[in-house]
Each structure stands twice: as C-alpha cells, then as structure tokens.
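In our numbering, the protein residues as written are 477 to 655.
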C-alpha cells in the first residue's frame, strides 16, 4: 500500500502533520484489518529520505492505537532533526528533538535495514553510523548497506535492481525468523 501523506510543497503542511498521516494510516489498518484482509503482524514500512523518517516516527510515536511494523526498510533516511541536524534551523529545538529518530530510539524497535550513499550531501554517513551505534546499545537490529560513490538520491539507476534484491532478502529473512 502506498501512503500519500501531506507535505509542505503541496499542502503547506508541517512535519507533524505528515507524522500524523502515517499514524492515521496505521490506525486505519488496525481498525479495518478484517475488511482489508491485512495481517497487521506482517507490516513492513519503507521510505526514502523524509519518508524514511516518517516510517521511523511510526515506531517511536506514542500512539497505542495502531500496529507496530514488523520491520523497516529505509533509504537515505533523515535521522537527526535536532542540533546540527537536518532542518533544525526551521524546526527549532523542541520540534527538532520531538521529530528526531536519532533522539527517540528505544528498546523494542523492529529490525531495520538502512541503505545510504557514502557521499550523501544531506545525511552524513557518520550520522548513519551513530544511529547504528545507538541501535546496537539498545539491542535494536540495524543492518547498514552503503553504496560507494552515491549521494542522497540513491537508490536509482543501475543500483536500483541491487537495492531491491537486498531489500527482498531482508524481508525474507524477517519473515523466516523464528520468534
């Protein structure tokens, strides 16, 4: 299911409204799982850049009215919106901290795979590594996949097929994982 969420460019919305849209979507799936024939224990969330941040926000959201995803597939995710992070100058300290995946990680988060380019001009690879270190300290499984000579626009072009294959392998591994 492709979720269309509000964005500033088209809707003149704030990031919190985009987060609310994802939470509303998950709540909708929870309420209508029988009618939609959805196994809510097998939901994978996937996103790129700010969309990856929204997938993460669904996990650290305080809402108990929706399902938690089984795993996350994240492409060039925005991980830090707090001090020195992406859009901090726009968000400010309170909103930046509230929306920052790096600062809202907790135990019990689902496993995730993070794809990133080693020349990402928006999300520095050191930030990805810090996210991984924090996840490790919390016992959260994070698999990193770095692509050489790639920037923030990744995945695209010739590497798209490889990215999809690795994503499929990750999904298969999660599905076949024993509890």
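Ideal placement from N, C-alpha and C gives every residue a C-beta, glycine not left out.
{"Check": "Alpha helix (DSSP H) runs contained entirely in the stretch 561 to 616, provided each spans 4 or more residues", "Outcome": "564 to 575, 601 to 614"}
{"Check": "Beta-carbon separation (whole angstroms), residue 548 vs residue 557, contact threshold 8 Å", "Outcome": "The pair is not a contact, with the Cβ atoms about 17 Å apart (cut-off 8 Å)."}
{"Check": "Beta-ladder partner(s) of residue 637, from DSSP", "Outcome": "None, per the DSSP bridge assignment."}
{"Check": "Cβ-based neighbour list, residue 531, same chain, cut-off 7 Å, excluding 5 preceding and 5 following", "Outcome": "521, 522, 523, 548, 550"}
{"Check": "Those runs of the alpha helix (DSSP H) which lie wholly inside the stretch 485 to 547 and span at least 4 residues", "Outcome": "491 to 507, 509 to 512, 526 to 536"}
{"Check": "Within 7 Å, strictly: CB atoms of residue 500 and residue 481", "Outcome": "no"}
{"Check": "Separation of residue 495 from residue 589, as counted between CA atoms", "Outcome": "20 Å"}
{"Check": "Residue 479, enclosing beta strand (DSSP E) - first and last residue", "Outcome": "Looking at the DSSP string, residue 479 is not in any beta strand (DSSP E), and its letter there is neither H nor E."}
{"Check": "Coil, strand or helix - residue 549 by DSSP", "Outcome": "strand"}
{"Check": "Enclosing beta strand (DSSP E) for residue 554 [first to last residue]", "Outcome": "Taken as a continuous stretch (DSSP letters only), residue 554 belongs to no beta strand (DSSP E), as it is neither H nor E."}
{"Check": "Where residue 643 sits in the DSSP three-state scheme", "Outcome": "helix"}
{"Check": "In DSSP terms, what residue 622 is bridged to", "Outcome": "592"}
{"Check": "Three-state class that DSSP yields for residue 627 in the structure shown", "Outcome": "coil"}
{"Check": "Residue 603 burial status per 10 Å Cβ neighbour count (16 or more: buried)", "Outcome": "buried"}
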